[in-house]
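The structure under discussion appears below in the form of structure tokens.
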Ligand code: PFF
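Residue numbers (our numbering): 53 to 497.
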């Protein structure tokens with residue numbers, strides 16, 4: 053078992069670095085845009101507070117009390133049948149799947165950082181063509197950028213918890229926050245700002261569909277990095293005496309705030325230039341560059357800052373996606389960190405290459421399974437199935453399998469009895485039920 057411990061700020065920034073990622077700046081705004089804005093945002097906020105935060109605390113509890121990798125944590129904490137519960141711990145391998153497509157998107161962002169130095173596309177149509185050509189035509193370019201993102205991630209994790217993960221987060225997270233603060237104040241000077249606020253915070257309930265509700269629940273897991281032992285793994289390196297409830301609260305707060313701020317910035321530009329908020333996944337890669345074009349040279353600067361912020365958010369999350377599997381190999385097989393990473397790298401490299409090729413016109417058909425390209429399939433299987441399933445298992449495990457007295461003995465140091473009962477009720481009933489509904493919906497409708 054590794055002895056490295058985060059500093060107090062180090063843990064909060066690393067966990068926030070994991071949570072704040074492409075999910076906040078890319079996914080959340082386009083989902084809010086597609087689902088009508090305010091009502092969706094409100095449901096998402098409620099979900100984070102009522103479900104996400106509870107499972108987050110449960111993961112921190114498991115990691116902090118065992119100080120073991122995800123698989124061993126389940127074995128150790130189970131009151132009976134520990135050996136069976138180790139299978140639940142294999143959720144750490146979801147990371148391998150997520151990393152395979154996540155680093156490809158970070159690669160796209162790197163390409164857009166470079167694009168920010170040249171003439172930006174003059175219209176949304178032109179921007180759409182550019183994005184389409186990159187994803188479906190230029191596999192060599194995409195592959196090259198995927199390699200950069202992937203090896204950068206692996207290099208950071210190879211340096212270990214203190215010198216790699218903590219240090220990167222200590223540098224990139226404050227920079228990311230500074231850039232977003234700047235962009236936020238800059239966007240305030242645009243007339244679209246007010247419209248953006250109204251869109252995001254004025255709920256129009258009739259725009260809320262059943263599917264928006266379910267999407268909000270699913271996204272709460274992804275955005276808080278729940279359901280694959282990431283938060284659990286980071287919590288194994290918590291400093292002694294840390295108030296785990298308070299830290300969980302801070303992380304969820306930072307994550308939510310950054311999603312909202314990113315949304316406000318993006319929709320300010322969208323409304324200012326009369327674009328539609330419902331563009332979908334292309335919102336950041338297609339709508340924004342075209343809007344930035346209208347701002348002249350300042351547009352290039354804003355574009356650069358925006359994509360750099362997005363890259364920082366992505367990298368700090370990517371390292372957290374590798375760490376649970378890495379710690380499992382290191383802990384279980386007494387492996388050197390470098391050896392564990394080489395095994396992970398080989399698998400991700402193969403899957404990542406398949407994912408890149410699956411988006412191309414030339415090779416897509418060879419990498420299509422069950423009607424979905426490898427890229428979409430990895431995204432779907434991990435975000436729609438594995439993460440919610442993992443979150444539900446964690447909630448049920450802490451709620452029903454570990455003895456209540458044991459959980460209470462630890463948690464009562466950080467929570468009043470009233471809060472404990474509320475949290476306990478949430479992980480036993482509310483969270484599992486909500487996840488069940490989301491999964492059934494995603495799988496069958
Ligand atoms: N929370 C990250 C985001 O919002 O982009 C994604 C993520 C990171 C998911 C780590 C799962 C995970 F374990």
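We put the CB at the ideal spot given by N, CA and C, even for glycine.
On a predicted model such as this, the values are computed, not experimentally measured, just so you know.
Between the Cα of residue 403 and the Cα atoms of 122, 301, 431, 285, which residue gives the shortest distance? 431
Hey, residue 270 and residue 440: beta-carbon distance below 8 Å or not? Against a cut-off of 8 Å, the Cβ pair of residue 440 and residue 270 comes out as a contact.
Enclosing alpha helix (DSSP H) for residue 143 [first to last residue]: Unbroken run through residue 143: none, as it is neither H nor E.
Taking the Cβ atom as the reference point for each residue, do residue 115 and residue 272 lie within a distance shorter than 8 Å? no
Is any non-hydrogen atom of the ligand PFF found closer than 7 Å to the C-beta of residue 368, if you look at the structure I gave you? no
Are there 16 or more other CB atoms within 10 angstroms of the CB of residue 490, so buried, or fewer, so exposed? Classification for residue 490: buried.
Drop a sphere of 10 angstroms on the beta-carbon of residue 324, count the other beta-carbons inside from all chains shown, and report buried for 16 or more, exposed for fewer. buried
Take the Cβ of residue 275 as the centre, count every other Cβ of all protein chains shown within 10 Å, and call the residue buried at 16 or more, exposed below. buried
Report the rounded CA-to-CA distance for residue 388 versus residue 56, giving the unit in angstroms. 14 Å
At a cut of 8 Å, does the stretch 173 to 192 reach the stretch 216 to 230 through at least three beta carbon pairs? Not touching, per the Cβ criterion.
So, for residue 22: in the same chain, excluding its five sequence neighbours on each side, which residues have a beta-carbon less than 6 Å away from its beta-carbon? The first residue shown for the chain is 53 and the last is 497, placing residue 22 beyond what the model contains.
Would the beta-carbon of residue 159 be found less than 7 Å away from any heavy atom of the ligand PFF? no
Rounded Cβ spacing between residue 329 and residue 344 (contact assumed at less than 8 Å): Not confirmed; about 17 Å, so no contact.
Secondary structure at residue 420, three-state DSSP: helix, strand or coil? strand
Answer yes or no: do residue 376 and residue 261 have a C-beta to C-beta separation smaller than 8 Å? The criterion of a C-beta distance shorter than 8 Å is not satisfied by residue 376 and residue 261.
Just curious, the alpha helix (DSSP H) that residue 466 is in, first and last residue? Taken as a continuous stretch (DSSP letters only), residue 466 belongs to no alpha helix (DSSP H), as it is neither H nor E.
Three CB pairs or more closer than 8 Å across the stretch 329 to 342 and the stretch 84 to 93: For the pair of segments examined, the stretch 329 to 342 was found to touch the stretch 84 to 93: the number of CB pairs separated by less than 8 Å reaches three.
Cβ neighbour criterion (16 or more within 10 Å) applied to residue 498: This structure gives no information on residue 498, because the portion of the chain shown stretches from 53 to 497.
Spatial neighbours of residue 142 within its chain, please: CB distance less than 7 Å, with the 5 preceding and 5 following residues excluded, ordered by chain position. 123
Buried or exposed: which applies to residue 423, given that a residue is buried once 16 or more other Cβ atoms fall within 10 Å of its Cβ? Exposed, by the Cβ-count rule.
Given residue 78 as reference, the closest of 358, 443, 483, 459 once Cα atoms are compared: 358
Nearest residue (CA-CA) to residue 233, options 372, 366, 211, 314: 314
Kindly indicate which three-state DSSP category residue 425 falls into: helix, strand or coil? strand
Can we count residue 66 as close to the ligand PFF, meaning its CB is less than 7 Å from some heavy atom? Relative to the ligand PFF, residue 66 has its C-beta separated by 7 Å or more from all heavy atoms.
For the candidate residues 367, 469, 449, 372, whose alpha-carbon lies nearest to that of residue 156? Cα-wise, what sits closest to residue 156 is 367.
When the Cβ atoms of the stretch 453 to 466 are set against those of the stretch 239 to 249, are three or more pairs found closer than 8 Å? no
Roughly how many angstroms lie between the CA atoms of residue 438 and residue 99, to the nearest whole one? Rounded to whole angstroms, the separation of the alpha carbons of residue 99 and residue 438 is 18 Å.
With the cut-off set at 8 Å, would you say residue 356 and residue 168 are in Cβ contact? yes
Cβ shell of residue 145 (< 7 Å), same chain only, five flanking positions each side left out: If we look at residue 145 and ignore the five residues flanking it on each side, its Cβ neighbours are 377.
Can you give the beta carbon distance from residue 493 to residue 278, rounded, assuming they're within the 8 Å contact cut? Actually they are not in contact, since the Cβ atoms of residue 493 and residue 278 sit about 18 Å apart, beyond 8 Å.
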